[in-house]
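This note's numbering applies: residue 307 is where the sequence shown begins, and numbers increase by one.
Just so you know, even glycine gets a beta-carbon here, dropped at the ideal spot from N, CA and C.
See below for the structure under consideration.
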Amino acid sequence: MSDVLLAARGLTVRYRARDGLFGGGELRALEDVSLEVRRGETLAVVGESGSGKTTLARALLRLVEPSSGTITFDGQDLTHLAGRELAPFRKRAQLVFQDAEGSLDPRLTVGASVGEALAIHRIGTRAERATRVEALLAKVQLPADVAARLPHELSGGQRQRVGIARALAVEPELLVADEPVSALDVSIQAQVLNLFTQLQRELGLTYVFISHDLRVVQTVADRVAVMYLGRIVETAPAAELFANPRHPYTRALLAAVPRLDSTDAAPVLRGEPPSPSAPPSGCAFHPRCPQATERCRRELPQPVRVGVDHVAACVLAEPAP
Ligand code: SF4
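Spelled out as structure tokens, the structure:
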């Protein structure tokens, strides 16, 4: 059995802009993304807002159609499957949303919401589903009486736990979590991150963890992929990335971390990301890169292996010996 659970090759998602948006052109949400997610690991995907992280999360789960490229899960090519053909995959891979409140039906009790996931996949009798819901709530450390409550009666942290319980209901192997703690207070974030870690250990889960927050990523990730304007610009084991970032964009993101709560410090990362409908020529980061040269305006940097399991797409990256 391969240690790779999920793989993307050359994954590209482009949208045609409507109603005069983006000059009526094409929106390049994801460009030529290749990555592997290994069984039992947490691959974190980081980048600023608009870097394509959420599109990647949805494309990996076949919730948006790729324009080109392939996705394989446990050795099976999913790229051209549709409708019912995707049902077995839908059971094995689940999405955890940022906005747990928005993802839960406000009219359904917690018990009904979590049980609904089981009913959709025709798992168990009604009585068996009720027992399973109770066990799932315990698994995410919620008291059993939460089952009778409505989403608006819960705290943000409790709602996110319900969202996780709902995702776990069908016993998936992969969770793709899209900014799952960014709407929570810092103290609650830590509790929910601990829960993710504990569940991974207990259930052998594999995670793709999307976050703009490097402090969050540092606590959960085994490996990190850094995205800029729809492309992956650096991947590395988490400890290596934080100790020895090789791409100027990663370095700028890391340098900005201590300043996140500061109101008076100037941002380390200058300027705004460019529009995905009109990406700059060559390296898309060149208008903001302190090390950019004329070459960067002309040349699209290719991924270079700069160390063990460490790849950076920058013309300055020196290949590992
Ligand atoms: Fe900066 Fe050039 Fe490297 Fe892009 S290719 S990150 S512009 S040095």
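| field | Distance cut-off 7 Å: V532 Cβ against heavy atoms of ligand 1 | value | no
| said: What residue range does the beta strand (DSSP E) around F515 cover? | reply: 512 to 517
| field | Contact shell at 5 Å, judged by CB to any heavy atom of ligand 1, ordered along the chain | value | P554, C589, F591, H592, C595, Q597, A598, C602, P607, C620, V621, L622
| Can the beta-carbon of P457 be found closer than 8 Å to that of E407? | yes
| Length of the line joining the Cα atoms of R390 and R396 | 10 Å
| Three-state class that DSSP yields for A558 in the structure shown | helix
| field | Segment contact flag, the stretch 369 to 386 with the stretch 549 to 566, C-beta cutoff 8 Å, min 3 pairs | value | no
| task | Would you mind listing the alpha helix (DSSP H) stretches within the stretch 523 to 558 that are 4+ residues and don't spill past its ends, in chain order? | result | 544 to 549
| said: On the DSSP letters alone, give me the boundaries of the beta strand (DSSP E) that R334 sits inside. | reply: 332 to 344
| field | Reference E628, options A561, R322, T503, closest by Cα | value | The chain is shown from 307 up to 627; residue 628 falls before or after that span and cannot be answered.
| field | Alpha-carbon spacing of V498 relative to R529, whole angstroms | value | 20 Å
| Buried/exposed call for E624, threshold 16 Cβ in 10 Å | exposed
| task | Reducing DSSP to helix, strand and coil, say where R634 ends up. | result | Residue 634 lies beyond the stretch modelled for the chain, which goes from 307 to 627, so this question has no answer here.
| query | Going by the beta-carbon positions, is the gap between G469 and L490 smaller than 8 Å? | reply | no
| message | Taking a contact to mean a Cβ-Cβ separation below 8 Å, would you say P478 touches Q404 in this structure? | response | no
| message | So, under 8 Å CB-CB, A549 and A350 are touching, yes? Tell me the CB distance rounded to an integer number of Å. | response | 16 Å between Cβ atoms; not a contact.
| query | Exposed or buried, what is Q382 when buried is set at 16 or more other beta-carbons lying within 10 Å of its beta-carbon? | reply | exposed
| field | Alpha-carbon spacing of R428 relative to S340, whole angstroms | value | 34 Å
| said: Check whether the stretch 599 to 616 and the stretch 536 to 546 are in contact - that is, three or more C-beta pairs closer than 8 Å. | reply: yes
| Contacts around A598, its chain only, beta-carbon distance under 6 Å, and the 5 residues preceding and following it disregarded | H592
| task | Could you tell me which of V446, G417, A444 sits nearest to A433, measuring between CA atoms? | result | G417
| field | Collapsed DSSP secondary structure at R507 in the structure displayed | value | helix
| P449 classed as buried or exposed, judged by whether at least 16 other C-beta atoms fall within 10 angstroms | exposed
| query | Using CA coordinates, which residue listed in D338, V310, G430, D309 is at the minimum distance from M533? | reply | D338
| field | L369, buried or exposed, once every other Cβ within 10 Å from all chains shown has been counted against 16 | value | exposed
| Status (buried if at least 16 other CB within 10 Å, exposed otherwise) for T431 | exposed
| request: Drop a sphere of 10 angstroms on the beta-carbon of T437, count the other beta-carbons inside from all chains shown, and report buried for 16 or more, exposed for fewer. | output: exposed
| Opening and closing residue of the alpha helix (DSSP H) in which L362 lies | 359 to 366
| message | In the DSSP output, which residue or residues are listed as bridge partners for T318? | response | S374
| R611 - containing beta strand (DSSP E), residue span | 610 to 613
| field | Residues of its chain near A619, where Cβ-Cβ distance is below 6 Å and the 5 sequence neighbours each way are ignored | value | V539, P607, P609
| In the structure shown, what three-state DSSP assignment does V352 receive? | strand
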